[in-house]
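Residues 0 to 85 in numbering that gives the first Met the number 0 are what the sequence shown spells out, letter by letter.
All residues carry an ideal CB built from backbone N, CA and C; glycine is no exception.
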Amino acid sequence: MQKKKPERTCIVCKTQKEKNELLRIVKSKDGIIDIDLTGKKNGRGAYICKNIDCLNKLKKTKKLEQIFEKEIDDNLYESIRGIIID
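Next comes the structure, spelled out in structure tokens:
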């Protein structure tokens, strides 16, 4: 029997994909919001698709700010953009 791969949902477009196909953004207990490339950092996680459309909607709707209840620095969005384009 094959092990079921974990799926997560993009917070922007609500598409379900395998965990490794999405980008995880995490808020640590200290309130630091960072990109989690390993998928193993401790804290509250949110997943987005690795495409520019989802990133642009994420920034425009301030969805990440609602989820983490904290203002998000533009540098984080630029870092996400760099990972997506890469």
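Residue i - DSSP class collapsed to helix/strand/coil
i	result
residue 51	helix
residue 33	strand
residue 70	coil
residue 2	coil
Residue span of the beta strand (DSSP E) that contains residue i, given as start and end
i	result
residue 6	6-8
residue 77	That residue, residue 77, is in no beta strand (DSSP E); its alpha helix (DSSP H) goes 73-84.
residue 15	15-17
N-terminal and C-terminal residue of the alpha helix (DSSP H) that residue i is part of
i	result
residue 65	62-67
Nearest neighbour of residue i, chosen from the options [CA to CA]
i	options	result
residue 58	79, 38, 42, 43	79
residue 11	33, 28, 56, 30	56
residue 15	0, 49, 29	49
residue 39	18, 52, 54, 30	18
residue 36	24, 42, 8, 30	24
Rounded distance between the beta-carbons of residue j and residue i, thought under 8 Å
i	j	result
residue 63	residue 46	About 11 Å separates the two Cβ atoms, so there is no contact after all.
residue 32	residue 69	7 Å
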